[in-house]
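Protein sequence lines correspond, in order, to chains A and B. Each residue of the first sequence is one higher than the one before, counting from 367 in the numbering used here. Each residue of the second sequence is one higher than the one before, counting from 5 in the numbering used here.
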Amino acid sequence: DAKTTQPTSMDCAEGRAANLPCNHSTISGNEYVYWYRQIHSQGPQYIIHGLKNNETNEMASLIITEDRKSSTLILPHATLRDTAVYYCIVRAPAGGTSYGKLTFGQGTILTVHP
Amino acid sequence: DGGITQSPKYLFRKEGQNVTLSCEQNLNHDAMYWYRQDPGQGLRLIYYSQIVNDFQKGDIAEGYSVSREKKESFPLTVTSAQKNPTAFYLCASTLNRGMNTEAFFGQGTRLTVV
Numbered sequence: 367d368a369k370t371t372q373p374t375s376m377d378c379a380e381g382r383a384a385n386l387p388c389n390h391s392t393i394s395g396n397e398y399v400y401w402y403r404q405i406h407s408q409g410p411q412y413i414i415h416g417l418k419n420n421e422t423n424e425m426a427s428l429i430i431t432e433d434r435k436s437s438t439l440i441l442p443h444a445t446l447r448d449t450a451v452y453y454c455i456v457r458a459p460a461g462g463t464s465y466g467k468l469t470f471g472q473g474t475i476l477t478v479h480p
Numbered sequence: 005d006g007g008i009t010q011s012p013k014y015l016f017r018k019e020g021q022n023v024t025l026s027c028e029q030n031l032n033h034d035a036m037y038w039y040r041q042d043p044g045q046g047l048r049l050i051y052y053s054q055i056v057n058d059f060q061k062g063d064i065a066e067g068y069s070v071s072r073e074k075k076e077s078f079p080l081t082v083t084s085a086q087k088n089p090t091a092f093y094l095c096a097s098t099l100n101r102g103m104n105t106e107a108f109f110g111q112g113t114r115l116t117v118v
């Protein structure tokens, strides 16, 4: 799986949009970008994933650059409960020769303040 | 409800004793994973299994052992050879088919060795 690079920490004011960047410059053509978040002492929670097109769900939006070398997770109206560690990973689809390991990096600590 | 269950939530053991952490899923997922998380750190992959009766070492397998005799179960044994076993352990599972291969995590087991 391709390696990802994220900032160690970020701050955001409550009610504002939180934009979390991720670099994945070695991503392969068939690898998806996944985002998870982990609230203290809990298991990580899936947020969103995408391949090429921008994606949106009830939790967040995912913007992937045209060259797919980076992406941004957007929490449109951050709340205090969004304070967590956010992980960006890339992964090949099931059945591919590179499928298997599911590797997480250090993630970004997002702190939402009042 | 389908989900992935880790037990116990907290576990205390004396140094030199082997201890087994339980992970069960009823999601009919093919793949299962074990991670270790130390304070302020990301998730590090210990072992993973794509199918029953098969598993591979992750990045920090030394001092750990696993088995995958049933699809639903992937127990992790922390042996006395693991030099720093005190940590938060997370189990995850994913499908190995289709595009939606997001990982589902258990709530973790916090192991303290004294």
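Idealized CB from N, CA, C, for every residue including glycine.
Residue i - containing beta strand (DSSP E), residue span
| i | result |
| --- | --- |
| A/G416 | 411–416 |
| A/L439 | 436–441 |
| A/S394 | Taken as a continuous stretch (DSSP letters only), A/S394 belongs to no beta strand (DSSP E), as it is neither H nor E. |
| A/S407 | Premise fails: A/S407 is in no beta strand (DSSP E) and is neither H nor E. |
| A/L428 | 427–430 |
| A/L476 | 474–479 |
| B/L15 | 14–17 |
| A/A450 | 450–457 |
Which residues DSSP lists as bridging residue i, in chain order
| i | result |
| --- | --- |
| B/F109 | B/A96 |
| A/L389 | Checking the displayed sequence, the identity of residue 389 of chain A turns out to be Asn instead of Leu. In DSSP, A/N389 forms a bridge with A/T371, A/S436. |
| B/Q10 | B/C27 |
Residues of its chain near residue i, where Cβ-Cβ distance is below 7 Å and the 5 sequence neighbours each way are ignored
| i | result |
| --- | --- |
| B/Q21 | S84 |
| A/L476 | M376, C378, A384, L386, D448, T449, A450, Y452 |
| B/T9 | E28, G110 |
| B/Q86 | G67, Y68 |
| B/G62 | L49, I50, Y51, Y52 |
| B/P12 | T113 |
Contacts around residue i, its chain only, beta-carbon distance under 8 Å, and the 5 residues preceding and following it disregarded
| i | result |
| --- | --- |
| A/R382 | H443, A444 |
| B/L15 | V23, L25, T113, R114, L115, T116 |
| B/R72 | M36, S53, I55, V56, N57, D58, F59, F78 |
| B/G106 | One point to set straight first is that residue 106 of chain B is Glu, not Gly, in the sequence displayed. T98, listed in sequence order. |
Supposed close pair residue i, residue j - CB separation, criterion 8 Å
| i | j | result |
| --- | --- | --- |
| A/T370 | A/C454 | 5 Å |
| B/A91 | B/Q41 | 6 Å |
| B/L31 | B/I50 | At roughly 20 Å, the Cβ-Cβ gap does not stay under 8 Å, so B/L31 and B/I50 are not in contact. |
| A/Q411 | A/Y400 | Actually they are not in contact, since the Cβ atoms of A/Q411 and A/Y400 sit about 12 Å apart, beyond 8 Å. |
| B/V118 | B/E19 | 7 Å |
| A/I413 | A/L439 | 7 Å |
Contacts around residue i, its chain only, beta-carbon distance under 6 Å, and the 5 residues preceding and following it disregarded
| i | result |
| --- | --- |
| A/L417 | Y398 |
**Request:** At 3 residues or longer, and completely inside the stretch 23–87 of chain B: list those beta strand (DSSP E) runs for me, N to C.
**Result:** 23–29, 35–41, 47–53, 68–70, 80–82, all fully within the stretch 23–87 of chain B.
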